[in-house]
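Okay, structure first, notes after.
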Amino acid sequence: MAELTTDDETVEAIKKWWKENGTAVIAGLVIGLVVVFGWRAWINHQEQVGQRASLAFEQLLMAANRGQHDAAVKQTEALIDAHAKTPYAALAELTLAKVRIAQDDLDGAAEALRSAVERAPNPGLAKLAAFRLARVLIANEAFEDALAVIERHDDGGAFSADFAGLRGDIALAQGETADARAAYEAALAGGAGLSRLIELKLQDLPAANDRSS
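Here's what the structure looks like:
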C-alpha cells in the first residue's frame, strides 16, 4: 500500500515534514542566497579593483613615457600601495626599473626588478623580470649576482637562449673568450631575441685559434 493514500494524508504529511524540517530548509535557502549574492558582489568588487589598477597603470606609463620621472615614481608607489595583489604591481615595478635606468640609478633599477620578480603573477613575467635584472646587474658589474639570478631562473624553457646570451656577456667581461663564444653560439642556436646583437658580439671576438684570446 502506498504511504500517502489520500489528499488529506498528503497535506498532513507535508505539514509534519515542514514542521520538522522547515527551519533547516529556510536556513539553507538563506545561506544559498548569501553565497550567490556574496559571490557576485565579490566578482563585481574584483572587476572594479582591476579597472582602477588598470587606469593607475596607464597613468604611470604616460608619466614614464613623457620623462616625468618623479611623477612616475610616486605613481608606482601609489599603485603598489593600493593594488599590491594585482598583476599591475609587477608591471609597475618593471616600468619603475626603466625610469631608474633613465635616471642612471642601476641600484634602484635592480631593486625594482627584484620586486617585480617576487610580485610576478606567472612564471613568464617572472623570467622577463629576472632577465632584465641580470642585465642590469651585468651593467653594474655585479657579475656573480647576475649569474646567481640566471641560474635561479633558467630552467631550459622560455628565455633560456636569452640567458645564454647574458652568460656570454659575463664571460666576455671576465676575459673568458672561449666561454663567451660558446655561450653566444648557444644563444643563437636557441633563438635568442637579440640575435643580431649577439652575432655582432661574436664577430668582435678574437678568432678561435688565436692564442692571445
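Each residue of the sequence shown is one higher than the last, beginning at -19 in the working numbering. Every residue, glycine too, gets a C-beta built ideally from N, C-alpha and C. Given the structure is predicted, the values throughout are model-derived calculations rather than measurements.
Counting C-beta atoms within 10 angstroms of its own C-beta, Glu124 has fewer than 16 neighbours from the protein chains shown and is therefore classed as exposed. Unbroken alpha helix (DSSP H) stretches of 4 residues or longer found wholly inside the region 99 to 156: 103 to 119, 123 to 133, 140 to 153, given in chain order.
Arg94 and Leu113 do touch by the CB rule: their CB atoms are close to 6 Å apart, below 8 Å. Closest in alpha carbon position to Phe143, among Ala158, Val116, Asn120, Gly155, is Val116. Between Leu76 and Ser175, the alpha-carbon positions lie close to 26 Å from each other.
Taking C-alpha positions only, Gly136 is separated from Arg46 by approximately 37 Å. Judged by DSSP in its simplified three-state form, Asp87 adopts helix. In the structure shown, Lys65 falls within a coil segment according to DSSP collapsed to helix, strand and coil. For the 9 Å CB-CB criterion, Ala96 and Ile118 do not form a contact. Where Gln183 is concerned, the enclosing alpha helix (DSSP H) starts and stops at 175 to 184. Within the same chain, Ile118 come within 7 Å of Asp149 by CB-CB distance, once the 5 residues on both sides are set aside.
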